[in-house]
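Sequence order for the protein chains is A and U. Here this note's numbering is used: the first residue of the first sequence is 58, the next is one more, and so on. Here this note's numbering is used: the first residue of the second sequence is 58, the next is one more, and so on.
2 protein chains.
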Amino acid sequence: MVEEYEVQELLDKLEELINFGDIEDIKEAFSEFPTAHVVDYLLTKSETEIISILNLMEHEVAGRIFSYFNTDKQYDLSKIIDRRTFSDIFTYMYSDARADLFQILSKEEQIELLPFLDKKTREDVIVLSAYPPETAGGIMSTDFATILIHMTCQQALAKIRHDAPSQKMIYYIYVVNDNMEMLGIITIKDLIMSDPKDIVKELYNDHFVYADVNDDREDVAGQIEKHDLVAIPVLNSLKQLVGIVSHEEAIDIIRAEHTEDMEKFMGIVPSIDEQGYLETTTISHFKRRVAWLVILAGVGLISGVIIQYYQGVLEHLIILALYMPMMTATGGNMGSQAATVVIRAIALDQIQDTDWIKILLKELRISFLLSFCVGGLVFLKIVIFSSQPLPQGLSHIYIGSIIGAAIAIQVISSAIIGAGLPLLVRRLGGDPAVAASPAITTTVDITGLLIYFSIASNAISI
Amino acid sequence: MVEEYEVQELLDKLEELINFGDIEDIKEAFSEFPTAHVVDYLLTKSETEIISILNLMEHEVAGRIFSYFNTDKQYDLSKIIDRRTFSDIFTYMYSDARADLFQILSKEEQIELLPFLDKKTREDVIVLSAYPPETAGGIMSTDFATILIHMTCQQALAKIRHDAPSQKMIYYIYVVNDNMEMLGIITIKDLIMSDPKDIVKELYNDHFVYADVNDDREDVAGQIEKHDLVAIPVLNSLKQLVGIVSHEEAIDIIRAEHTEDMEKFMGIVPSIDEQGYLETTTISHFKRRVAWLVILAGVGLISGVIIQYYQGVLEHLIILALYMPMMTATGGNMGSQAATVVIRAIALDQIQDTDWIKILLKELRISFLLSFCVGGLVFLKIVIFSSQPLPQGLSHIYIGSIIGAAIAIQVISSAIIGAGLPLLVRRLGGDPAVAASPAITTTVDITGLLIYFSIASNAISI
C-alpha cells in the first residue's frame, strides 16, 4: 500500500509547492502525481483556490484532473470559472465524465456553453449525453484509438501517435473500415511485437466481444467481468464503433448493483437517479419505503387473526404470550439467513435450477442442528428459570417441551421457507432478491404462530 | 452485446470444427475466439474430451484456456491428465491461477508435480502459493514486464518483445534497478510515442501507487478502484517488485466483499475459504449461523420478561396480544430498512461522521410520514373490523387510538435505532455492517414491547 504517511507526504509536498514552488515545478508535480491523490489535495482547498491552481496547468492536465471530481463538485466549480477557461477544461475532460456533467446542466447552461466549444467537442458531447444513463451509450467514452485494416504496423503506430495525445490509456486498438464499421481488435503489444512492415490485416483478431449501444449497463459490466476486459467496444445497429466502456466503469456499476440488491432485499424500491442518501429528499425516501412497509403491516394483521382464533388457548396459558415474540423473531432471523445465503449463491452462479432439492435438503440438515440449540435453550429457560404459575396439571417440563418443540419446528420450517422462496421466484422467472427479507419474515411469522398455537392447543387438550 | 444467437453460433462453429475441421483450423479458432466462450464450449464436453481438445493446442494456448476454468474444475481435470502433459499446461497457466491450483493440491500431489516443472516455474509457484490468500501476495500474478532505467526506448521495447511472449497483457512497464527495486512506471504507449533514442530515465514517472505484499486484498481492490488502475504493482519490504494485481481481481474481490457484507448483515459469520454454497458442509454452515441465532434467541427471552411484567395488562386486554406480532414485525422491517440505507450510504462514502445529526433528523422526518400510514392502517382495522369484545368502559375508537399511537411511535423509534446503530458502531471504529439486521430487529422488538405496554397500561388506568 502506498502508506498513509506517504500519501500525507505527497499532500504536504503539493502544499509546499503551491506556497513556495515555481510554476514549472508545480505543473510537473500536478501532472505526474497520481491523479486521485492530486484531487484529494485539491479537495482540502476552497473552490476559488482550486480554480486558480487549475489555471496554472496545461489544459490537458486540468481536464484530466477535473474529470476526477464527482459530477456535483464539477458543477459547483463550473459556476465560478469564466466561460472561456471552463470551455477549455471541458474540452479536455474525459469524454464520459464530460457527457455526465453536460447532462446535469440546465437547458440554458447547455445552450450557453456550446458556442464556446470546438465542433468536434460539441458534437461529441451532444451525442453522448443523448443516451439514457442506464445504457452502454450513457456510460461510454469516445476516447479510443482506431486504425485501418490495410495499414502496416508502422503506419498504424504513426496514426496512434498522431491521434492519441491524451493521457487516457490506449490498450486495445480498434480496427475499422472507412465507414467506421468495426472489423476487429489488435493490442498495442501485438503491434510493437511485430515487424513494422507487417499488415494489420494479417495480425488482427476478427473475433471480439462487444456491447450494443442500447444494452443495459449491468449486462455490459457483466461482459467486462466475464472476459476480463480492459475495455469493451460499443457498436450501434450499423456495427459502427461509437464508444468504449472501460473496466473502471464496470466496478462502479457493480457497486451500484450491490446497493440495489441490498435495498431490494429489504423491501426498498431502488432509486432511479443516483443521488446520495442526504441529497435525496425526505419525500423520495418515504415513497421508496412506504409500499412494502404498509403491505407487510397489512399482511401482519393476519397474525392478529390467528391469535384471535386461538384466544382461548392464550387466555388459559398466558405463558404462551411470553414466548410469542421470541418465536417470531427466531423464525425471522432463520428465514432471512437462509434467504441471504441462497440469494447470494444464486447471484454468484454457484447453483443451478436443478439444485433446488439439494439446497432444501441441506437447509433441512442445517436447521435441524440449529433447532436443537434454540429449542434446547428455551426448554432450559422454562424449566430452570420460569416462575410463571401454570394451570393445574401442567408441569414446567411439559410446557417447556411443548414450547421448545414448537420453536424447533419453527426454526426448521423458516429455513425451508427462507431458502425456498428465492428459488421459487427464480423458477418463475423473477429476480430472487425480490423474495425480500420483509416478505420472508412476515411469512414465517404467520406460519410460526400457526405452528406454535396448534401444537400448544393440541398438547393442552391431551 | 454479443447476442445470445451470436454466442451460440460461435459454440456451434467450435463443435463443427471439432467434428469436421482440420487441426490447423481448430488450433486457430481456439486461439482466437474469446477465451471465456471457448471455456463455455468446453464445459459442454466430458472431461476426457476436454483433455483431448487441449492436447491439440499449443501449450501456451492450452495454459491460457486452462486458467479460465474454476479451480475445482482444474483439479478434476488434472487427475485424468498424464503428468507430463499436465506439467506442460501448468507451466503455461497464468501465474496467479497456477498458484491457486497448487494450493489446493495435497502435499503428496504437490511433491509429485514439482520435479516435472522447470526451475523458474517451480520457484514461482512455491513462492506465490506461500502467501496467505487474503493478502496481496496471495492473489498477485508474476506476469509483468520490467525494463532498466538506463535503457533507451528502443532497447526497452526489444526487452519487452523478448521477455513477454505470453498472451497476458502488457500495459504498464515497470522500471526497476539491478536489485529488482521498483523505481517507477512507464506505459507502453509512452514508449512507442517517444523517440527510440530517448532514455527511459527521462520519461518514466517516479510517482506511483503500489501495494505491499502483506496488504489486505480488500485494500488492494480499493486502491485499484480509487486510481482506476489496470494493474497495481506489489512490493515487498525491500521495495522490490514481486508481482502485480490486475483489475479483474479487483472485481472478484469486490463481489466477495459484497457477499460478506450481506451475510454479516444477517448475522452469518463470513466463511474463511471461498467454497460455494453446496460445496460447504452442513457442519460449516451450522457453525457460521449458530452463534448469532442462539445469542439473539437468548436476548429475545428478554422480551418474555417484559411481557411477564405487564402480564396483568395483557390478561385484562387480550386484544393487545393480537397486535403484538405486527408491532414487532413492523419495528423490525422499519429498523432493517433504515439500517440498510445508512450502511450502504456509509459504504459508498456518501456520508461523513459529522453528518450523524442530519441523518437522524432525516430518518425522523421519513419515519414520521411512514408512522401515519401504518398507525392509521391499524386504527382503521380496529375501529372498522374488530369484533373483539372489550372490557367495560373502553371503546374500539379509544383502543384503536392507543394501539395506533403505539405502532406509530414504534415506527419512529425503530427508524432512529436502525439508522443510529450503524453510525454508533462506526463512531466506535467498527464495521457498520456488523450492526446486523438480527441485532437491530431484536433491539426494536424489546423497545417496541416496552413502548406498546407502557402506553397501553397508562391508557387503561386513566
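All residues carry an ideal CB built from backbone N, CA and C; glycine is no exception. The structure displayed is predicted, hence computed values, not measured ones.
Per the Cβ contact rule, the segment 113-120 of chain U is in contact with the segment 145-155 of chain U (3 or more Cβ pairs under 8 angstroms). At a C-beta separation below 9 angstroms, K415/A has these neighbours in chain U: L335. The continuous beta strand (DSSP E) containing P290/U extends over residues 288-292. The Cβ atoms of I376/U and L447/U lie closer than 8 angstroms to each other. For P189/U, not one C-beta of chain A is nearer than 8 angstroms to its own C-beta.
Annotation: L298/A is outside any alpha helix (DSSP H); the continuous beta strand (DSSP E) that includes it extends over 298-303. Residue environment: A354/A is assigned as buried (16 or more neighbouring CB atoms within 10 Å of its CB, all protein chains considered). The beta carbon of N262/U sits closer than 8 angstroms to some beta carbon of chain A. At least one CB of chain U lies nearer than 8 angstroms to the CB of A307/A. Residue pairing by DSSP places Y231/A opposite T203/A, I242/A in a beta bridge. As the crow flies, the alpha-carbon of N76/A is around 35 angstroms from that of R484/U. Contacts with chain U (Cβ-Cβ distance below 9 angstroms) from the segment 478-495 of chain A involve S494, P495, listed in chain order. Between I249/A and L205/U, the CB-CB gap reaches or exceeds 8 angstroms.
Under the DSSP definition of a beta bridge, T192/A partners with D273/A. In this chain, the alpha helix (DSSP H) harbouring D153/A covers 152-161. By the Cβ neighbour-count rule, H315/U is buried, with 16 or more other Cβ atoms within 10 Å of its own. Interface residue (Cβ-Cβ distance to chain A less than 8 angstroms): K438/U is classified as such. For A378/A and L371/A, the gap between their C-alpha atoms comes out near 7 angstroms.
The shortest C-alpha to C-alpha distance from I508/A to any of G388/A, A187/A, Y261/A is the one to G388/A. Rounded to the nearest angstrom, the gap between the Cα atoms of L437/U and S452/U is 13 angstroms. Contact annotation: the segment 334-343 of chain A does not touch the segment 259-279 of chain A, with fewer than three C-beta pairs closer than 8 angstroms. Between the beta-carbon of K246/U and that of I245/A there is about 7 angstroms, and that keeps the pair under the 8 angstroms contact cut. N236/A carries a coil assignment under DSSP once its states are collapsed to helix, strand and coil. With fewer than 16 other CB atoms across the displayed protein chains lying within 10 angstroms of its CB, D129/U is exposed. Residues D502, G505 of the same chain have their beta carbon placed closer than 6 angstroms to that of T385/U, with the five preceding and five following residues left out of the count. Per the C-alpha coordinates, the member of L374/A, R121/A, S303/A positioned closest to I517/A is L374/A. Residues of the segment 380-395 of chain U with a C-beta less than 8 angstroms from any C-beta of chain A: Y380, M381, P382, M383, T385, A386, T387, G389, N390, M391, S393, Q394, listed in chain order.
Between N390/A and L421/A, the alpha-carbon positions lie close to 16 angstroms from each other. For the 8 angstroms CB-CB criterion, I408/A and P489/A do not form a contact. Burial state of L427/A is buried, judged by a 10 Å Cβ sphere holding 16 or more other Cβ atoms. Taking 7 angstroms as the upper bound on Cβ-Cβ separation, chain A lies near residues G357, L358, S360, G361, I364, Q365, Q368, L371, E372 of the segment 357-373 of chain U. At a cut-off of 8 angstroms, the C-beta of C210/U has no neighbouring C-beta in chain A. Every alpha helix (DSSP H) of 4 residues or more that sits fully in the segment 342-394 of chain A is shown, in chain order, as 368-373. In its chain, beyond the 5 residues on either side, G195 have a beta carbon closer than 6 angstroms to the beta carbon of P189/U. With a cutoff of 8 angstroms on beta-carbon distance, A202/A and D220/A are scored as near each other. Chain-ordered, the chain U residues with CB closer than 8 angstroms to the CB of H342/A read V398, K419, I423.
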